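This report refers to the structure that appears directly beneath it.
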Amino acid sequence: MRLRFAPSPTGYLHIGSARTFIFNWLYARRHGGAMILRIDDTDIERNTEESMRSIFDGLGWLELDWDEQYRQSERLELHRRLAWTIFEKGLAYRDFTPAHAGEEAVSREGGPWLFNPGARELALEESARRAAAGEPFVLRFHVPREPARPVEFHDTVYGPQVKSTADIEDFALLRSNGMPTYHMASCADDMDLRISDVIRGQDHLSNTFKHILIFEAAGAAVPRFAHLPLLIAPDGAKLSKRRHGSVVSVTTYRDAGFLPHAYVNFLCLLGWSPKDNREVMSRQELIDAFRLEGINRSNAVVNFREQDPIDPKALWVNSEHLRNLPVAELLPRVRRVLECDGLQVPQDEAAFARTVDVIRSRFTTLNDFVTRGRAYFSDRFELAPEAAQKLNQPGARELLHELGARLSVLDDFDEQSIEAELRKLAIERNVKAGAIIHAARAALSGQPVGPSAFAVFTAVGRQRALERLRNA
RNA sequence: GGCGCUAUCGUCUAACGGUUAGGACGGAGCCCUCUCAAGGCUUAAAUACGGGUUCGAUUCCCGUUAGCGCUACCA
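Below is the structure:
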């Protein structure tokens, strides 16, 4: 079994493309097949190196891998050879009509454009002569239409598909600059790379009929096809950079502090279901559960809003992974965001792990560790307004100073001892323990809310905790 | 315009032709509690519309409507 993901490097890695990669990858991994990354860069006008980087960066960030890698621009001879083979079989012809000449005909008649008048009938000798004379031409597939016949295939997701050749235009195989078109290059490579299953976006569903004509003309076996429903915006439009901005780029989610796998997990839930109500799944669970039968047919909305550009479900999936991942797996990731923000990562690995474990359960993204969780890793943090309010309660500061003094002589700086000491103080001063607790949390973490205040003490560490009480 | 695809809560989705149409996110409420999360419980919220077929239709068929895709020398 051989799967491929074939992006064209004309923009950054789109979340829809990422999902397509993931479904191919899941299928390959589940069946022990090979995953192939093929860069479809035959459109030399629009390709960019930057886009290429974005694809590798994006896939790398998502921690997705592949077994083989190709670049179509390095395989042009193969594509051209196959195109001319089809020509020699009499199944393609040279069309000398200048570019765009056919467009007017379409708008005038209102009907579909099928071929340029006269081009199909051009005698072979004249065609060869004009080509030899250097006249530019496109090589077009000669779609059989008298009589027209149905082209059929079975899509694993969409079921039986049929279209009459009477409705298929004579599409181009080779451009006038000699470059193969997408259809030609893609099919030639799929044959050469022995792709067994083509899993791609539904926008290619109707193109598949053309592809089948090419496979047949080349005398090659037709792969299995499975088309994926598209990802769309809340307004029903196809996701596009121009209209929807950064929500379509995977880097947005990386920068927002998503765990790579959590985002993969979220993307999987768009258009696919394990059908057993599971949603939060590990990578292995995803591989084990993935079935093409679980893919549905209607487009999925990425539910973002103008003010809030990230789908709430994505955030939820991320927070689930964030709090349930083995801490050891989370640490390097937290370390990275801390370092990126110039924060000091604790030397003591065990203490670091405990701190992360204490605070992670109420965080939703990795970025929370340097924002809401800043006080756990740095002395330069801001006191949230609501936290300041708690500190400004009458008598609160004095109580914290006293608490600090008492805790400083404690033998064991653990949660039980701290709690005992704090409650004793509350009773002596005849105040509610909660008042001291809330003020302490505010002083230690800069936040009005958070983990158990006693856990905050140990997470922040003795030295810092006492210092913050003193300076409260 | 032509051809094709699709249609279940706001969103993601589940439901051999027989279910009080299920779950999740988000919303509302309650419980728990040192706060906030988490967790538990409760709640509002859907089969686009019209015809068939059938004892019975979310499910099968047709039509309408809507959305999307393709209709390039883009992919």
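If you count the first sequence from 1, you need to add 383 to reach our numbering. Note that CB positions come from ideal geometry on N, CA and C, so glycine has one too. In this text the structure is predicted, and so the values were computed from the model without any measurement.
Asked: Which listed residue (TRP467, ALA770 and VAL534) has its alpha carbon closest to that of LEU556; Found: TRP467
Asked: Nearest candidate by alpha-carbon position, reference ALA620, set SER589, ALA683, ALA568 and PHE641; Found: ALA683
Asked: Proximity of ILE438 and ARG387 at Cβ, strictly below 7 Å; Found: no
Asked: Cβ contact check for the region 794-812 and the region 831-842: 3 or more pairs under 8 Å; Found: yes
Asked: 8 Å contact criterion, which ALA809 and LEU774 should meet: CB distance rounded; Found: Their Cβ separation, rounded to whole angstroms, is 17 Å, which puts ALA809 and LEU774 out of contact at 8 Å.
Asked: Nearest neighbour of PRO327, chosen from MET562, GLU765 and LYS815 [CA to CA]; Found: An answer regarding residue 327 cannot be provided, because it is not within the stretch 384 to 855 covered by the chain.
Asked: Nearest residue (CA-CA) to ARG763, options ALA826, ARG716, SER681 and PHE735; Found: ALA826
Asked: Nearest candidate by alpha-carbon position, reference ARG607, set ARG413, VAL700, ALA516 and THR539; Found: THR539
Asked: Rounded Cβ spacing between ASP797 and THR841 (contact assumed at less than 8 Å); Found: 7 Å
Asked: Member of ALA736, ALA417, ARG454 and ARG851 whose CA lies at the smallest distance from the CA of PRO390; Found: ARG454
Asked: Where ASP691 falls, given that 16 or more other Cβ within 10 Å makes a residue buried; Found: exposed
Asked: Sub-7 Å separation of VAL633 and LEU622 beta-carbons; Found: no
Asked: DSSP three-state assignment for GLY328, whether helix, strand or coil; Found: Because the chain here runs from 384 to 855, residue 328 falls outside it and cannot be looked at.
Asked: Same chain, Cβ closer than 8 Å to LEU669, neighbours up to 5 away in sequence not counted; Found: LEU409, VAL647, ASN648 and CYS651
Asked: Given 8 Å, three or more beta-carbon pairs between the region 744-754 and the region 693-707; Found: yes
Asked: For MET574 and THR425, believed in contact at Cβ under 8 Å, the rounded distance; Found: Not really, about 16 Å apart at Cβ, beyond 8 Å.
Asked: Nearest-angstrom Cβ-Cβ length linking PRO495 and GLU552, presumed shorter than 8 Å; Found: 7 Å
Asked: Beta-carbon gap between GLU518 and PHE479 smaller than 7 Å; Found: yes
Asked: Beta-carbon spacing of PRO612, ARG558 below 7 Å; Found: no
Asked: Cβ shell of ILE615 (< 8 Å), same chain only, five flanking positions each side left out; Found: LYS621, LEU622, ASN682, ALA683, VAL684 and VAL685
Asked: PRO533 - DSSP class collapsed to helix/strand/coil; Found: strand
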